[in-house]
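This report refers to the structure that appears directly beneath it.
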Amino acid sequence: MADTTIRDKLEVAGPVVAVLAGALVLLPWVTSNHALSKFPLVGKELGTEGKRRAAFLENASKIHKTGYAMFRNVSFRLTESEGEIVVMPIGYLEELRKFPDDVLSTVEPIRQFLQTHYLGIRGDDELLNHVIRSDLNHKLNSVNEKLSSEVALTIPEHLGKSRDWTSINIFGAMLRMVAIISGHIFLGPELNRREEYLHASINYTIDLFKAATQLRSWPLWLRPIGQFFVPDINSVKEHRRRAKEFLVPIVRERQASRAAPDGSEEPDDMLQWMLAKAEKFGNTDEGYIAELQLTLSLAAIHTTTMTVTHVIYDLIAYCPEVIPELQSEIRTVLADNGGVMTTQALFQMKLLDSVMRESQRHNPTTATSFRRKVLKDVTLSDGTFLPRGSLIGVPQYGVSMDPELYPDPAVFNPSRFSDIRSGEAPNTLGYSNKEQYQFISVNKEHTGFGYGRHACPGRFFAANEIKLVLARILVDYEIKMPPGETGRYTNLMQIDNVTPDPRKSVMFKYVGQ
Numbered sequence: 001m002a003d004t005t006i007r008d009k010l011e012v013a014g015p016v017v018a019v020l021a022g023a024l025v026l027l028p029w030v031t032s033n034h035a036l037s038k039f040p041l042v043g044k045e046l047g048t049e050g051k052r053r054a055a056f057l058e059n060a061s062k063i064h065k066t067g068y069a070m071f072r073n074v075s076f077r078l079t080e081s082e083g084e085i086v087v088m089p090i091g092y093l094e095e096l097r098k099f100p101d102d103v104l105s106t107v108e109p110i111r112q113f114l115q116t117h118y119l120g121i122r123g124d125d126e127l128l129n130h131v132i133r134s135d136l137n138h139k140l141n142s143v144n145e146k147l148s149s150e151v152a153l154t155i156p157e158h159l160g161k162s163r164d165w166t167s168i169n170i171f172g173a174m175l176r177m178v179a180i181i182s183g184h185i186f187l188g189p190e191l192n193r194r195e196e197y198l199h200a201s202i203n204y205t206i207d208l209f210k211a212a213t214q215l216r217s218w219p220l221w222l223r224p225i226g227q228f229f230v231p232d233i234n235s236v237k238e239h240r241r242r243a244k245e246f247l248v249p250i251v252r253e254r255q256a257s258r259a260a261p262d263g264s265e266e267p268d269d270m271l272q273w274m275l276a277k278a279e280k281f282g283n284t285d286e287g288y289i290a291e292l293q294l295t296l297s298l299a300a301i302h303t304t305t306m307t308v309t310h311v312i313y314d315l316i317a318y319c320p321e322v323i324p325e326l327q328s329e330i331r332t333v334l335a336d337n338g339g340v341m342t343t344q345a346l347f348q349m350k351l352l353d354s355v356m357r358e359s360q361r362h363n364p365t366t367a368t369s370f371r372r373k374v375l376k377d378v379t380l381s382d383g384t385f386l387p388r389g390s391l392i393g394v395p396q397y398g399v400s401m402d403p404e405l406y407p408d409p410a411v412f413n414p415s416r417f418s419d420i421r422s423g424e425a426p427n428t429l430g431y432s433n434k435e436q437y438q439f440i441s442v443n444k445e446h447t448g449f450g451y452g453r454h455a456c457p458g459r460f461f462a463a464n465e466i467k468l469v470l471a472r473i474l475v476d477y478e479i480k481m482p483p484g485e486t487g488r489y490t491n492l493m494q495i496d497n498v499t500p501d502p503r504k505s506v507m508f509k510y511v512g513q
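For the sequence shown, the UniProt record's numbering gives the first residue as 1, with consecutive numbering after it.
Right under this line is the structure:
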């Protein structure tokens with residue numbers, strides 16, 4: 001590739017540039033590096049940091065598995081695309097979660113991961129988080145009604161109603177379905193099917209992750225130059241421009257209606273909730289409000305799509321025999337709740353919830369979770385010292401496949417967590433409250449949604465949407481692997497991120513009324 005050739009040429013000249021730039025930060029780096037040297041290093045036998053980084057870029061999953069197998073109960077270092085990370089046992093989580101944000105930052109690792117400096121995006125937003133907590137989570141009952149009606153309309157539009165088996169690229173179809181369904185809540189039913197919105201909400205995140213991944217493959221000191229050789233960065237900026245071109249007039253119209261109400265009922269969606277709270281947070285700029293819709297897409301649409309796709313891939317490959325049980329559970333719950341998928345009805349779908357959590361255990365989005373940048377020197381209660389500037393995390397993938405925590409961890413057991421909740425299986429993790437085994441629950445062994453006060457505030461909405469989509473598909477369709485396909489579709493690794501293969505198809509047959 002052209003950018004690889006350019007990068008190689010630049011790396012030849014790198015030592016001179018690196019020495020000049022590094023002189024400004026050399027002393028703090030040496031101090032931090034010395035403090036971290038007491039932690040064992042995965043891949044030490046490879047020699048240089050460059051070789052360890054190359055090994056990580058080639059097979060990050062292998063590096064993480066090796067580290068956890070060697071150092072399960074102690075902190076260890078490994079070299080990522082961004083430098084070294086200290087991977088700490090989950091026993092530290094309770095102490096680590098108590099540190100304030102000016103000591104352990106959640107935002108800085110996000111900025112690093114998304115390369116926000118080069119892509120011009122926000123790593124965090126207080127207004128958005130506040131609206132999710134204060135509005136979205138408090139209105140889940142009414143939100144579910146809207147989601148349910150949108151799901152019932154959208155799924156057959158995209159999966160069809162053929163009584164014959166039909167092959168469908170589920171990831172592509174699901175992206176569009178989730179964008180429409182989520183958009184009903186994010187932007188309102190008048191706008192969620194507009195092509196301008198769908199194009200931006202779907203393609204913005206796709207190109208953003210591609211751009212960030214490509215840029216992270218460049219050495220840190222070359223990225224100021226490398227950004228000009230990553231075409232997807234321009235695509236991201238163009239998506240943002242087009243989205244704002246569509247959304248800003250809508251924001252202005254909403255702002256004008258709020259300033260001079262005419263007695264008509266206000267829209268009841270996240271855009272309106274943001275406008276109602278924006279002044280409190282000191283930013284009512286229409287461009288900023290419009291851009292928050294892209295942030296919502298980044299945070300919600302693609303993660304929900306990946307989760308649903310993973311569950312479907314897992315069901316048809318690992319345990320197709322459980323699909324009739326799921327269908328029976330869903331139909332029984334619906335009958336008990338007047339045919340309506342209320343919040344209570346979704347809670348009662350415990351086997352479906354268990355399948356979702358088991359799928360998340362098998363398919364964590366990242367190998368490490370609870371990633372924090374150390375902004376001030378930290379000494380933990382056992383004397384462990386974490387110097388300013390270091391990056392820490394916990395081994396999400398290693399924990400999820402630990403036989404001391406999960407019996408037969410490599411086996412996909414659809415009822416693993418529902419059996420624990422019902423008392424039919426041993427309570428292996430020892431939680432007295434069995435609801436800790438729900439999909440949305442956050443604990444040391446289940447950090448897919450984070451841990452502590454920064455755990456994902458939108459997980460309740462996401463879990464309900466995922467259940468609504470899966471329940472509707474399972475009730476109205478038969479699903480199976482395409483002819484000739486054997487085994488579960490292999491996930492794709494984008495450096496250290498796990499995604500379902502978006503190119504694969506699933507067989508669908510409509511059996512609904």
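The beta carbon of each residue, even a glycine, is placed where N, CA and C say it ideally should be.
Taking a contact as a CB-CB distance under 8 Å, the pair residue 360 and residue 452 does not count as one, their CB atoms being some 18 Å apart. Out of 474, 393, 409 and 297, the CA that lies nearest to the CA of residue 511 is found in 474. The Cβ-Cβ distance between residue 352 and residue 373 does not fall below 8 Å. When C-alpha distances from residue 354 are compared across 125, 393, 334 and 438, the shortest belongs to 438. Rounded to whole angstroms, the gap between the alpha carbons of residue 407 and residue 426 is 10 Å. The Cβ-Cβ distance between residue 291 and residue 240 falls below 8 Å. Judged by beta-carbon spacing, residue 381 lies beyond the 8 Å limit of residue 94, meaning their Cβ atoms are not closer than that value. Separation of residue 64 and residue 402 (C-alpha to C-alpha, rounded to the nearest whole angstrom) is 13 Å.
The beta carbon of residue 189 lies closer than 8 Å to those of 146 and 150 in the same chain, with the five residues before and after it left out. DSSP places residue 172 in the uninterrupted alpha helix (DSSP H) bounded by 170-186. Taking a contact as a CB-CB distance under 8 Å, the pair residue 128 and residue 307 does not count as one, their CB atoms being some 20 Å apart. Judged by DSSP secondary structure, residue 510 falls within the beta strand (DSSP E) whose first and last residues are 505-510. For residue 333, the CB contacts under 7 Å within the same chain, skipping 5 residues up- and downstream, are 345, 348 and 349 in chain order. Around the C-beta of residue 251, 16 or more other C-beta atoms lie within 10 Å, and the residue is accordingly described as buried. For residue 477, the uninterrupted beta strand (DSSP E) run begins and ends at 477-480, by DSSP. With a cut-off of 8 Å on Cβ pairs, the stretch 62-82 is in contact with the stretch 42-53, counting three or more such pairs. In this structure, the beta-carbon distance from residue 269 to residue 488 does not fall below 8 Å. Per DSSP, residue 227 is not a residue of any alpha helix (DSSP H), being assigned neither H nor E. Per the DSSP secondary-structure output, residue 446 pairs in a beta bridge with 443. Taking 4 residues as the shortest admissible run, the stretch 297-383 contains the following complete alpha helix (DSSP H) segments, listed from N- to C-terminal end: 302-318, 323-336, 343-348 and 350-362. In this structure, residue 455 lies near residue 442, with their beta-carbon atoms less than 8 Å apart. With a 10 Å radius around the Cβ and a threshold of 16 neighbouring Cβ atoms, residue 385 comes out exposed.
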